[in-house]
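Scroll down for the structure; my scribbles are underneath it.
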């Protein structure tokens, strides 16, 4: 439980801004929230932490931070084929800053309302800015899409476009600013970094069509490799088929390809689908792209435009504890 | 999701050390954990964060810290009458320190095994030491014990003894060291501060007998006042009936009383029971003490040994954002 003024802080900024769901018996304000999990459903839960200076810049717009903190968790639910239901917020703050809290809670609310997810509890503590959100989703029992179900012959799909957030991050971190990109491009790429779109609309098609899925937070190669490892399979990727935004298409092909393969933070989904279901999937879903196929042979082969093959050096994406 | 080496960190130290439950379809290692909530049960969830320098000292034994981080959350489940089921761990660490991780995970495991609760997911990030744990418990639908159910005439009970953790904290913070306490006393009080006993064994009696309950994290007066406010009632406490440990009984009466009323961190339970059920409750439960009764009149009256009455100045306990 939390002391009265902390509780008031949560109540003041957060309690009324998210969806109100009928399956919440008791929300914020007791030792626990009480939630109703319907018969025949399994509960899907995921927790993610964002730390200032590690996952976001100290000068980030609090609205964007609030949005993204929830969006990255919603993305985990989407990747399992689960529908968003409830979330909790553990917020560690260096100070009680009303302007910051208003922006943050407003961004959080924007993401929450779009997904019909309700804030049901939390804890506010004083300390270095750290945000932990746990999401709870519901999925028909036995129907969740895991990482370990990919089969040889499956087509590999990704949603949206890849590399945008990585380009925005490179711009910020390395003062990288190629002439081909104009202000509108940077605004679009920055938007992708700050306001990733959780692909919860794909959860239902995933449950129907996909054998395996993951969300792309650390980069396509790093995240696809989790599917390959868990499913004990390999993959061939057609790297000229990687979906790129109009801004990314302005970049040199090799650089765009590198960002699309290896940079993180796009929060698109990568999933595998049996070939016999591919046509029906593509009829039902727009904004997805087939980029390769699962192989019985382990390893990750990258196939270029002229058919040349290279074995991928699987990058691990951003790693908090490597050297 | 987390990068591979972070995930390995969680797997290496945490994945095999807690209970293995049959209601966990999928544990650590995918985008989400998948959990089975039985029909007829409600899900009780609570999240708590511990921040270095705020909730614990930088030099704390990591074993004690791991134990307490889970214990304070288990206490929230006990206060609702819910049985522990699953938990997640969001761990922010300044460095990958194997000795620290071994101690911390071992303490966590000790608390987890005692409560048959399974670690089902987590996130490890780099940053200032911060620990967020979310617990999930199960309770018969409609049977959870809330803060808002206290009725005039209810007897007020507390579990265990009060003020021990507060005395240990005062010793550490103020170099307070009265002659009447010897090394064994300090060891016992320190044990109470570092290894609070979550009262999960009381969850079932609470569901049967109690109208309202809360766990005492911020001090008896502060936490009881939450029950009074939510239930729209008042209380009379017999302050000479407050349960004290043998060490606390050595202190001057007024000081012991003050610590028992106002210091936090004991993680005992405070609950209210209809008078007609009091005898049966006391037959079934040892280590509980009746300390007063709920009144229709609002306010909190403290009654001394000779019957003198004072109105409590309700202390708020430790407040992260006051002044």
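Residue numbers (the working numbering), protein chains in the order written: chain W, 1404 to 1726; chain S, 1404 to 1726.
All C-beta atoms in this analysis are idealised placements derived from N, C-alpha and C, irrespective of residue type, glycine included.
Everything numeric in this text was worked out from a predicted model, so none of it was measured.
Alpha carbons only, please: which of the options is nearest the one belonging to residue i?
i                      : options                        : result
residue 1541 (chain S) : S:1532, S:1520, S:1554, S:1530 : S:1520
residue 1644 (chain W) : W:1464, W:1659, W:1428         : W:1659
residue 1595 (chain S) : S:1433, S:1470, S:1450         : S:1470
residue 1593 (chain W) : W:1500, W:1621, W:1573, W:1511 : W:1573
residue 1472 (chain W) : W:1582, W:1499, W:1512         : W:1512
residue 1693 (chain W) : W:1640, W:1650, W:1600         : W:1640
residue 1588 (chain S) : S:1576, S:1657, S:1650, S:1516 : S:1650
residue 1655 (chain W) : W:1583, W:1501, W:1577         : W:1583
residue 1460 (chain W) : W:1535, W:1499, W:1537, W:1576 : W:1576
residue 1628 (chain W) : W:1653, W:1673, W:1591, W:1642 : W:1673
residue 1463 (chain S) : S:1444, S:1425, S:1510         : S:1510
Which same chain residues, not among the five before or five after residue i, have their C-beta less than 6 Å away from its C-beta?
i                      : result
residue 1407 (chain W) : Only weak support is given to the placement of residue 1407 (chain W): the predicted model assigns it a pLDDT of 41, under 50, and the question is left unresolved by the model.
residue 1715 (chain S) : 1624, 1703, 1705
residue 1687 (chain W) : 1608
residue 1416 (chain S) : 1504, 1508
residue 1418 (chain S) : 1431
residue 1569 (chain S) : 1662, 1666
residue 1725 (chain S) : Because residue 1725 (chain S) sits at a pLDDT of 44, beneath the cut-off of 50, its placement in the model cannot be relied upon, and the following sentence gives the value as read from the coordinates. Excluding positions up to five away in sequence, the list is empty.
residue 1597 (chain S) : 1467
residue 1701 (chain W) : 1637
residue 1723 (chain W) : Bear in mind that the predicted position of residue 1723 (chain W) carries a pLDDT of just 48, short of 50, making it unreliable; the figure below should be weighed with that in mind. Same-chain partners within the cutoff: there are none.
residue 1691 (chain S) : 1560, 1562
residue 1423 (chain W) : none
residue 1591 (chain W) : 1650
Any idea which residues DSSP pairs residue i with across the strands?
i                      : result
residue 1540 (chain W) : W:1447, W:1487
residue 1615 (chain W) : W:1675
residue 1435 (chain S) : Paired residues: none, contrary to the question.
residue 1494 (chain W) : W:1527, W:1534
residue 1639 (chain S) : S:1696, S:1704
residue 1620 (chain S) : The partner list for residue 1620 (chain S) (beta bridge, DSSP) is empty, contrary to what the question assumes.
residue 1521 (chain W) : W:1489
Tell whether a beta-carbon distance below 7 Å holds between residue i and residue j.
i                      : j                      : result
residue 1421 (chain S) : residue 1493 (chain W) : no
residue 1447 (chain W) : residue 1548 (chain W) : no
residue 1566 (chain S) : residue 1663 (chain S) : yes
residue 1603 (chain S) : residue 1518 (chain S) : yes
residue 1450 (chain S) : residue 1491 (chain W) : yes
residue 1671 (chain W) : residue 1562 (chain W) : yes
residue 1614 (chain W) : residue 1552 (chain W) : yes
residue 1481 (chain S) : residue 1606 (chain S) : yes
residue 1678 (chain W) : residue 1558 (chain W) : yes
residue 1530 (chain W) : residue 1454 (chain S) : yes
residue 1709 (chain W) : residue 1601 (chain W) : no
residue 1442 (chain W) : residue 1442 (chain S) : yes
residue 1465 (chain W) : residue 1525 (chain W) : no
residue 1619 (chain W) : residue 1669 (chain W) : yes
residue 1713 (chain S) : residue 1697 (chain S) : no
residue 1357 (chain W) : residue 1634 (chain S) : Missing from the structure shown is residue 1357 (chain W); chain W here goes from 1404 to 1726 and no further.
With a threshold of 7 Å on Cβ separation, who are the neighbours of residue i within its own chain once the five nearest residues in sequence on each side are excluded?
i                      : result
residue 1680 (chain W) : 1612
residue 1546 (chain S) : 1484, 1610
residue 1721 (chain S) : Residue placement at residue 1721 (chain S) is poorly supported in this model, since its pLDDT is 45, which falls under 50; the coordinates still yield a value, given next. Result list for residue 1721 (chain S): 1621, 1667, in chain order.
residue 1429 (chain W) : 1436, 1437
residue 1498 (chain S) : none
residue 1684 (chain W) : 1608, 1612, 1676
residue 1571 (chain W) : 1592, 1593, 1595, 1596
residue 1444 (chain S) : 1541, 1542, 1543, 1544
Apart from the five residues just before and just after residue i, which ones in its own chain have a Cβ nearer than 8 Å to its Cβ?
i                      : result
residue 1647 (chain W) : 1564, 1565, 1566, 1659, 1663
residue 1427 (chain S) : 1436, 1437, 1438, 1439, 1489, 1521, 1523
residue 1586 (chain W) : none
residue 1707 (chain W) : 1642, 1643, 1713
| said: Under 8 Å: do the stretch 1485-1499 of chain W and the stretch 1538-1557 of chain W share three or more Cβ pairs, one atom per stretch? | reply: yes
| said: Give me the subset of the stretch 1518-1531 of chain S whose CB atoms are less than 8 Å from a CB atom of chain A, sorted by chain position. | reply: Considering every chain present, this structure includes no chain A. Its protein chains are W and S.
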